[in-house]
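Before any comments, here is the structure.
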Amino acid sequence: MSTKPTVATIWLQGCSGCHISLLDLHEGLVDLLGAVDLVAMPLADVKTIPRVDIGIVEGAVANDENLEALEHLRAQCTTLVALGTCACYGGLPSLRNLHRVEDVLRCGYVETASTVDGAVPIHAELPHLLPTVRAVHQVVKVDAMIPGCPPESRTIAEALGALLAGQLPKRHTHNLCVECDRHKDALLKPTRDFVTQDVCAPNELEHIDPDKCFLEQGVMCLGPATAAGCGGRCLLGNMPCRGCMGPTPGALEQGAKMVSALSSILPAGGLMFMEDVVGSGYRYCMATSIIPEALGEEA
Ligand code: SF4
Ligand code: SF4
Ligand code: SF4
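Count along the sequence shown from 1, add 34, and you get the number used in my numbering.
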């Protein structure tokens, strides 16, 4: 009988991108599969998850089926890992928390431009949407988080390596700006000469200086409110950070952290935030912001 650690994975409300990132380990998968017994995953037709050492969950908790699957995995595993920003912070699916369930269903099944005589499907066997989408740790105890949308394959491999060695994966406590090597000279000086009334989308600028901080160029970048650890993937492609790693550990919420950062470069910072409040602070973490708490109390 094998003595290797056993692993089971599930996906809830997400896009499967986190599992794809796991598969993107390519030949690294051979090492991983040599080190563990992968007893259940969504790509395998396993009806009941047995007792396992490590449970990995991708996606947020959006409906009663998700809830049941998560509670079952939690009961069956010793260590539960939230994989990806949907699982860690609610991610993109939790933008649904800005709307009432009945409005979401009507929008999806009745009001789309291509729908004729649409109706919201009702059947006892269909999953029911929960009033709000929740991150995994808001429902059950989570032992480790691997944020990212999706997390990089090497990050997943490092985290699993740590878990197999009996340690918890390291979390970056600093923000992305700390490891961003773009010049931020003006941002750090008392002068605010660079601050203008103009707020630009990257595609509106004829030229984006690849060596200069986006905020200094009038482009919103969520680096100050976003946990480091992705290697600045978007910045390397000369695109600003959208915050997919979620907030730094200990931050009240990503949006509030961004408001705090932008308040030091008023008025441009305020204009940037107001241009797209959700996209500027809550795109990936609505479930864990203080806003859905307020919505939940109303519901
Ligand atoms: S974190 Fe991103 S990649 Fe992973 S399931 Fe959610 S949307 Fe998909
Ligand atoms: S705001 Fe963006 S571009 Fe500027 S230093 Fe931070 S991560 Fe780099
Ligand atoms: S730069 Fe920002 S949006 Fe891009 S991968 Fe990193 S955390 Fe995500």
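Heads up, the beta-carbon is just placed ideally off N, CA and C, and yes, glycines get one too.
- Between F248 and the set A262, G263, A220 and G284, the nearest pair of CA atoms involves A220.
- Taken through DSSP and simplified to helix, strand or coil, D177 comes out as coil.
- The beta carbon of K175 sits no closer than 6 Å to any heavy atom of ligand 2.
- Under DSSP, V95 takes part in a beta bridge, and its partners are R168.
- Out of I44, G68, S55 and S50, the CA that lies nearest to the CA of K38 is found in G68.
- P165 is the residue among T119, G152, D177 and P165 whose C-alpha sits nearest the C-alpha of N131.
- Below 8 Å, enough C-beta pairs join the stretch 171-186 and the stretch 119-129 to call them touching: three or more.
- The beta carbon of V174 lies closer than 8 Å to those of L104, E105, R108 and L114 in the same chain, with the five residues before and after it left out.
- If you keep only unbroken beta strand (DSSP E) runs of at least 3 residues inside the stretch 44-76, you get 71-74.
- In the DSSP annotation of this structure, the continuous segment of the beta strand (DSSP E) that includes V115 starts and ends at C111 to L117.
- The beta carbon of G304 lies closer than 7 Å to those of L296 in the same chain, with the five residues before and after it left out.
- Distances from the CA of D151 to each of R140, E159 and R276 were compared; the closest alpha carbon is that of R140.
- DSSP, reduced to helix, strand and coil, places T282 outside both helices and strands of the structure shown, so it counts as coil.
- In the three-state reduction of the DSSP assignment, I83 falls in the coil class.
- For I156, there is no enclosing alpha helix (DSSP H), since its DSSP letter is neither H nor E.
- Between P203 and A169, the beta carbon gap of about 17 Å keeps them out of contact (Cβ cut-off 8 Å).
- With a cut-off of 6 Å, the C-beta of G118 is classified as near ligand 1, since at least one heavy atom of the ligand falls inside that distance.
- For P236, the closest C-alpha among the options L269, N100 and T282 is that of L269.
- In the three-state reduction of the DSSP assignment, I190 falls in the helix class, which pools H, G and I.
- Where Q288 is concerned, the enclosing alpha helix (DSSP H) starts and stops at Q288 to L296.
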